[in-house]
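Protein chains in written order, with numbering that gives the first Met the number 0: chain A, 0 to 360; chain B, 0 to 285; chain C, 0 to 272. The C-beta atom is built at its ideal place from N, Cα and C for all residues, glycine as well.
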Amino acid sequence: MTRADDRPASLSLQSVSKHFGPVRAVDGIDLAIGQDEFFSLLGPSGSGKTTMLRIIAGLERPTTGRVLVRGQDVTTMPPYRRRIGMVFQNFLLFPHKTVAENIVFPLRMQNVARAERDERLLWAMKLLRLDGLAERYPNELSGGQQQRVSLARGLISRPALLLLDEPLANLDRELRAEMEVEIRRYQKELNIPFVYVTHNQEEALTMSDRIAVMRNGVFEQIGPRNDVYRKPATAFVAAFVGQSNQLTARAEMVGPDSLTLTWRGHRLHLPHPGGIKAGDDVRFFIKYEDIEVTPERTAPGNHVGGHLRDIIFKGQTANYIVSLADGSEIIASASSRDQKVTIGEAVSVTWPASAGMCFKT
Amino acid sequence: MTRIPPLLLLAGPGVLFILVTLLLPLLAIFMFSFWRTESYELYPDWNLDNYRVLFTEAAYRTFLLRSLIGALVTSLLCLLYAWPVAYFIARHGGRYRLLLVLLLAAPFFTGVILRIAALQGIFGPGGLINMALGIFGLPPIAALMYTPLAATIGHVYLFVPFMVTAIYLSLVNFNFDLLETAKINGAGPWRAFIEVTWPLNWIGTAIGLALVFIPCLASAVTPRFLGGPSATSFGMSLGQQFGETGTWALGSAMGVVLFAFSLLVLAVMGFTVNLKRSGFTGMGAR
Amino acid sequence: MTSVGDRAEGWRRLAMSVLLGLLYVFLYAPILFVIYASFSEDIVWPFPPSFTTDAYAELFDNSLYSDALKNSLIIGLGSGILSTLFATAGVIGVLRFPSRRRALILIAFLAPLFVAELLIGISSLAFNARLLGLPGNLFSAIAANAVEGTAFAFLIVLAQLVRYDWQMDDAAMVFGASPLRCFWEVTLPAIWPSLFGAFLISFILAFNNLEISFYNLGAIPTLPSVAWGSLRFGLGPELFALAALTNGLVFAVFALMYVLMRTGIVKFGYRGV
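Below you can see the structure in the form of structure tokens.
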């Protein structure tokens, strides 16, 4: 995903900080988001992502820094003048208003003429597939329907920006998967930038163009979703995004783009990210799906032998848990269809020398 | 043997008690209102005379009108004052809000007489304010001595705790996050109040209004001690029918009229409440 | 958390807190003055202060007040116990056994709040005297006061018990406790603070009630009715002493209530109210 840099960013934050007493909830964040972007803030709870969203919305004033929407400084502007849309985790529909009244609320606040209001309402109801529910009250709707109404309310005024605060957290699993696809579709069709806050990496990976991984008020990494997944910048990102085996070892030989380490008697070859000297303690992350488990060694690259302890069936894929001689375990993920290995038997664990990421501890 | 449903077993006695000690007596005075009193005795002599007297004699109309206006003014004053106070406690009271609201409710439980006595100690003719004025050679504030204004102040003093408590209880169950939603969607503070806060707390407010209006309409003691000679209220006159004059039949008719107006107020309030539009989602019992 | 637009917000908040402060002054200035004056030689203009307990001596020497105190205590205790029992059973019934009749039961229990005390007083006087042939007595006064008390107690118990988790009782019954045993060993230990709170409120309500008791009792004195008689002749020192003591009682009750509600909140794991 590339952005044309001659246009002003739809949203930009300039060294934004928010302190609550001694706590730095947000600590000097710079960020620019383009018109066509689906941007996710991913992080564990307490990482400052929700505070950042509230600062963008105007519900919280930053301690320092500036917030610009379409090039205009809105740092001190109250939320009701910003013309931003927002979707909340617990929906926050007005319980005393019907679905239709809830959805047109932003238009009424902007004094849009009735005819246009009705027209836009029809458009939004159709877009969100809410036909026939206009006269219902929120407590008469299912969770999924409530979230659609909430989205419709956020989108109807075609805001400069739509903020989404964990909007799928209260929905059940299947519904969540369905909504992930839909939400991304709205963003692409309407060409409104979305800023999506979540602690769920799957959601972020499914929907986003770019992801920022946040911890302790700062970005650990910001980049296209592929980079965040494939090339984690820090050990925290490597552990947080995707499912990885984590090996602790000491670097032995360091070359220009590869390094060698000894882990529990096994000699492993890894890509070298730079900055590691021989003798450093390192943590090595290798994703489940990069590992192959076979009855006998077939592929070149790193190799470890062990016994297959169990297979955890996940549907499309399965996790293969391999016990090594010293009791440690390595997990691999592969298609569940053609299992060539059986539980209890000796297996070979292999992965290419180019896979995985290594960080100094 | 049929099993008694547990709900009936548990709630039955209380409901029965209230039916017997509240509803039956009210039905009784409804009946007596069509009877006749003669030398302190009630005779089942069915007639409409009591109501004819009530609606034709100017004095009773005046009492009723006076009480209605007094109750209306008091309710509105309490409403205007209680809203910001209750809002402040619910929104900004933090961990002190229980304490703050209990301190507002407590004085009510001292009882009418002692509260009026205390009020007179400050506002009365021989009270602190007028004595202080006297010492500085100033005339006493006539408006506070045996006037409708004094009675109204007394009523507000007596009943404002009801209004604050009712609105407060509504506000603590109100989701203030909805206000943030309204603001993000373009509503300024006042607009958000009118669109969201007020309608979602109307039931509590209406209950507060009824809780102030009804006892105020029946008020007998306050106007007796604070209102002065030309402040005879409907309630005072009603009390006299059962006391000094012993005309119970007429008194019963007055009781019926009083009750009818209470019901009317409740009906008007009930008419303005649309349960669906109040955000009411049941009692949340799990 | 401060939101943007906060200067106006700050002013509004300040204005509201000033209104709250003024309300406290309005409600408490008379009470504090009465307490202060009750210890003074001159109750009308007690400045400069000169303290004496004459007013209290006068109050305690008057046998009318001691009879009245006894009657008020009987009415308060009787009505408090009756109200708490009816209200607690009602609330548990309504919360544990949802039914379509729930709304009707709620209306029945809360209806007394919307009937003026004067009306309760005169109607039960007329009903008892003319239809039952009973002269006014303490029992009819207790019953009539308990009507109002039950409604108040119902509200208090309901407000606390909506947060009680009845699954605890289900669990006890699965392990073999009979409903009564279960109430005694599981429910009651958890909810007693709110029951005691409801008792205190319905007690103090009946103890200080004028209009309901007055019409039911005729010549039998209660503290409020004696105070009423006294106030007709103007403010006397013994009235101030009585007001001071009664306020003291009410505040003791409310202090206890506050502690109980905090306990109840801790027990139900709830931070609100």
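For lysine 339 of chain A, the secondary structure class from DSSP, reduced to helix, strand or coil, is coil. Around the beta carbon of tryptophan 197 of chain B, fewer than 16 other beta carbons sit within 10 angstroms, so the residue counts as exposed.
The Cβ atoms of leucine 118 of chain B and tyrosine 156 of chain B sit closer than 7 angstroms to each other.
When secondary structure is reduced to three states using DSSP, histidine 268 of chain A falls in the strand class. For tyrosine 42 of chain B, the uninterrupted beta strand (DSSP E) run begins and ends at 40 to 42, by DSSP. Serine 39 of chain A and glycine 27 of chain A do not touch by the CB rule: their CB atoms are close to 20 angstroms apart, not below 8 angstroms. Of the candidates B:Ala205, B:Asp176, B:Gly207 and B:Gly153, the residue whose Cα lies closest to the Cα of valine 195 of chain B is B:Asp176. Arginine 81 of chain A sits in coil when the DSSP states are folded into three classes, being neither helix nor strand. Apart from sequence neighbours up to five positions away, the residues of its chain that approach leucine 94 of chain C with a beta-carbon distance below 8 angstroms are Leu157, Leu160, Val161, Tyr163 and Trp165, ordered along the chain. Against chain C, a Cβ distance below 8 angstroms from tryptophan 197 of chain B picks out nothing, because the smallest value is about 15 angstroms. The secondary-structure analysis by DSSP pairs alanine 248 of chain A across a beta bridge with A:Val281.
By the CB criterion at 7 angstroms, glycine 125 of chain B and valine 43 of chain C fall inside the cutoff. Taking C-beta atoms as the reference points, methionine 356 of chain A and alanine 232 of chain A fail to come closer than 7 angstroms. For the 7 angstroms CB-CB criterion, proline 222 of chain B and serine 236 of chain B do not form a contact.
Annotation: asparagine 172 of chain B has no Cβ neighbours in chain A at a cutoff of 8 angstroms; minimum Cβ distance is about 12 angstroms. Taking a Cβ-Cβ threshold of 7 angstroms, none of the residues of chain C is close to isoleucine 166 of chain B; the smallest such distance is about 13 angstroms. Serine 243 of chain A and threonine 297 of chain A have their C-alpha atoms some 22 angstroms from each other. Boundaries for tryptophan 262 of chain A: no alpha helix (DSSP H) harbours it, while the beta strand (DSSP E) harbouring it runs 257 to 262, taken from the DSSP string.
Put simply, the backbone Cα of threonine 149 of chain C is about 14 angstroms away from that of glutamate 116 of chain C. Chain-order list of chain B residues neighbouring methionine 167 of chain C: empty, with the shortest C-beta distance near 11 angstroms, by a criterion of under 8 angstroms. Glutamine 146 of chain A counts as buried, since at least 16 other C-beta atoms from the protein chains shown sit within 10 angstroms of its C-beta. Look at glutamine 220 of chain A here: in three-state DSSP terms it is strand. Burial check for glutamine 240 of chain B: the Cβ neighbour count within 10 Å reaches 16 or more, so the residue is buried. Within the model, the alpha-carbon separation for aspartate 29 of chain A versus leucine 12 of chain A is close to 5 angstroms. Boundaries of the alpha helix (DSSP H) harbouring aspartate 168 of chain C: 166 to 173, taken from the DSSP string. Counting every other CB atom within 10 Å of its CB across the protein chains shown gives arginine 82 of chain A a total of 16 or more, marking it as buried. A direct Cα-Cα distance of roughly 52 angstroms separates glutamine 144 of chain A from serine 257 of chain A. DSSP lists no beta-bridge partner residue for alanine 86 of chain C. Glutamine 239 of chain B: not part of any beta strand (DSSP E); member of the alpha helix (DSSP H) spanning 233 to 241, first to last residue.
Under the criterion of beta carbons closer than 8 angstroms, lysine 48 of chain A and valine 148 of chain A do not qualify as touching, at roughly 24 angstroms.
Within the DSSP secondary-structure output, tryptophan 350 of chain A pairs in a beta bridge with A:Asn301. In chain order, Gly135, Tyr214 and Asn215 place their CB closer than 7 angstroms to the CB of leucine 124 of chain C, counting only its own chain and leaving out the 5 sequence neighbours on each side. Contact annotation: in the segment 132 to 146 of chain A, residues whose CB is within less than 7 angstroms of a CB in chain B are Tyr136 and Asn138. Here leucine 41 of chain A carries a strand assignment [DSSP, helix/strand/coil]. For threonine 20 of chain B, the C-beta contacts it makes with chain C under 7 angstroms involve Ser123, Ala142, Ala143 and Val146, in order along the chain. Within chain C, no C-beta atom comes nearer than 8 angstroms to that of alanine 70 of chain B; the closest sits roughly 10 angstroms away.
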